[in-house]
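Participant: Below are the structure tokens for one structure; questions will follow.
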Amino acid sequence: MCGRYTFTAPAPVVEARFEATMPADAAPTFNAAPSQRLPIITNAEPGKVQLFQWGLLPAWVKDAQKANRPINARAETLTEKPSFRQLLQRRRCLVLADSFYEWERPAAGSKGPKIPHRILLRTEQPFALAGLWDEWVNRETGEVHPTFTIITTEPNELMAGIHDRMPVILPGREAELQWLDDGGAAKTQLLRPYHALDMKQYTVGSQVNSPGNNDSACAAPFTWS
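Each residue of the sequence shown is one higher than the one before, counting from -1 in our numbering.
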């Protein structure tokens, strides 16, 4: 799964890289977590970065308080689940990031802690994760709640030693535009593991375990004994 990530690039870099304007209230995050409002680009407004809540709340949900809000959607089963299948057809997005975290489980029989890793591109440049979005409307107040989920896939060689899933990183601008475009080839062909040789990782400290921590210490290298 993908449950934490970072997005720390300054606005001018983001706007040049993704050809989209940043909102004034967007702030860098070293520990993006579910339920937070985070920057995405939707296929409906590809020239604009917007802040949506992480954790998908589909439009058809009747009771938002009781609804499951998935933070991830498995690429392999998107077309099998009606809620995801419809969004795959009409509501896709880019989730902006420059790294993500994953926790390595202790070896079988070991009682050690899960060790957090930070995973990023070798270039250390920002990238886009493939996502789906939707808008839930409160029928009593008319308030609109925009949300998103991140698509995951099987791990590449780098990730396999850490976790059995990884988020889908779209491989460059052409793939990002294809993901957002309403026409063209089938979207599912883009939902593959990113090239392991173009990525790197290192272990970080326990600060990242709490979503209440959100500063550069979360992403700092740390050696576990």
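Where a beta carbon is used, it is the ideal one built from N, C-alpha and C, also for glycine.
Under the rule that 16 or more other beta-carbon atoms within 10 Å means buried, what is T150, buried or exposed?
Facilitator: buried
Participant: State the start and end residues of the unbroken alpha helix (DSSP H) segment that holds F82.
Facilitator: P80 to R88
Participant: Pop quiz: N41 and L188 are said to be a contact at Cβ under 8 Å. What is the actual Cβ separation, rounded to whole angstroms?
Facilitator: At roughly 13 Å, the Cβ-Cβ gap does not stay under 8 Å, so N41 and L188 are not in contact.
Participant: According to the neighbour-count rule (16 or more other Cβ atoms, all chains shown, within 10 Å of its Cβ), is P80 buried or exposed?
Facilitator: exposed
Participant: Please state the DSSP three-state secondary structure of N41.
Facilitator: coil
Participant: Is M157 helix, strand or coil when you go by DSSP?
Facilitator: helix
Participant: Note down, in chain order, each residue of its chain lying with its Cβ closer than 6 Å to the Cβ of L36, except the 5 sequence neighbours on either side.
Facilitator: Excluding residues within five positions, the ones whose Cβ falls inside 6 Å are A30 and W52.
Participant: Using only the alpha-carbon positions, how far apart do A126 and L92 sit?
Facilitator: Cα to Cα, the separation comes out at about 5 Å.
Participant: L241: buried (16+ other C-beta within 10 angstroms of its C-beta) or exposed?
Facilitator: Residue coverage of the chain in this structure runs from -1 to 223, which leaves residue 241 outside it and unanswerable.
Participant: Can you give the Cα-Cα distance for R116 and P104, rounded to whole angstroms?
Facilitator: 17 Å
Participant: Would L118 pass as a contact of D132 if the rule is Cβ separation under 8 Å?
Facilitator: no
Participant: Enumerate in chain order the residues of its own chain whose CB-to-CB distance from T19 is below 8 Å, with the five nearest sequence positions on each side excluded.
Facilitator: E13, G45, K46 and V47
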